[in-house]
Amino acid sequence: MFKIAVLVSGGGTNLQSIIDAVKVGELDCKVEMVISSKDGVYALERAKKAGIDTYVVSKKEYGENQSNRILELTEGKVDLIVLAGYLSILDGEILDKFKNRIINIHPSLIPSFCGPKMYGLHVHEAAIKKGVKVSGCTVHFVNNEVDGGAIILQEAVPVYFEDSAEDLQKRILVKEHLLLPKAIKLISEGKVNVIDGRSKIY
Ligand code: GRF
């Protein structure tokens with residue numbers, strides 16, 4: 002059975018989309034554990050309700066060892082690490098040990114509106130300020146450049162003149178909840194290959 006760890010920091014609606022896809026049999030894999038960078042977030046409740054083991058690995062407690070602690074928890078236990086609204090940065094050994102086995106979902110069409118400090122509503126505020134007519138979401142592999150790894154899947158949505166950042170966030174989240182389970186499914190079926198920094202989907 003293909004096993005995944007999901008890393009979270011907030012509400013966990015993307016985690017829920019994975020839990021639901023597994024439940025209805027769309028995704029043939031097991032969420033082995035959920036690791037949060039913060040205690041008290043609703044994503045942890047969602048995991049507990051689904052009977053999934055949870056861990057909190059905060060920067061406050063682990064400092065520079067945060068990524069190493071996550072590596073300890075996941076190495077040999079999961080096939081894929083999924084960042085679903087995870088706000089800390091992974092660094093060090095975990096990036097080598099899990100090369101092309103860590104994915105992230107970002108709420109814009111990378112390479113627009115991504116990189117350091119581009120998270121949450123900041124992303125959508127920047128898209129609206131720029132006046133782009135489409136935005137969307139991207140699932141990509143994680144490497145040592147923030148939002149810089151090979152793109153796996155993208156989905157676009159329209160941006161309307163009257164949109165607030167919250168409006169755009171909601172419209173994109175609907176797509177995120179479809180795109181992330183889809184990417185996990187493709188990877189679990191061995192249908193994604195990275196060649197020269199680009200992913201090829203079979
Ligand atoms: C999503 O917009 C995701 O793209 C971004 O953080 C948000 C997390 O939402 N990385 P949730 O915690 O899954 O509800």
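The working numbering puts the first residue of the sequence shown at 2, with every later residue one more than the last. Where a beta carbon is used, it is the ideal one built from N, C-alpha and C, also for glycine.
Quick one: what's got a C-beta closer than 6 angstroms to residue i's C-beta in the same chain, skipping five residues either side?
i: V83; result: I5, V7, I104
i: A157; result: V135, G137
i: Y203; result: K192
i: M34; result: A6, D54
Residue i by DSSP, collapsed to three states: which one?
i: K4; result: strand
i: L88; result: coil
i: S189; result: helix
i: S200; result: strand
i: K31; result: strand
i: I53; result: coil
Under 7 angstroms from any heavy atom of the ligand GRF, does the C-beta of residue i make it?
i: N15; result: yes
i: I104; result: no
i: V175; result: no
i: H141; result: no
i: H107; result: yes
i: G41; result: no
i: V32; result: no
i: V147; result: no
i: G86; result: yes
Whose C-beta lies closer than 7 angstroms to the C-beta of residue i among residues of the same chain, with five residues either side of it excluded?
i: I152; result: I111, T139, H141, S200
i: P182; result: S18, I19, A22, E27, L28
Based on Cα-Cα distance, which residue from the options lies nearest to residue i?
i: D40; options: Y56, L16, E27; result: Y56
i: I71; options: G52, A85, D92; result: D92
i: E27; options: L180, N194, D197; result: L180
i: S59; options: I95, E163, S10; result: S10
Practice task
Examine the Cβ distances between the segment 111-131 and the segment 40-52 and report whether three or more of them are shorter than 8 angstroms.
Solution key: Counting Cβ pairs under 8 angstroms, fewer than three are found: no touch.
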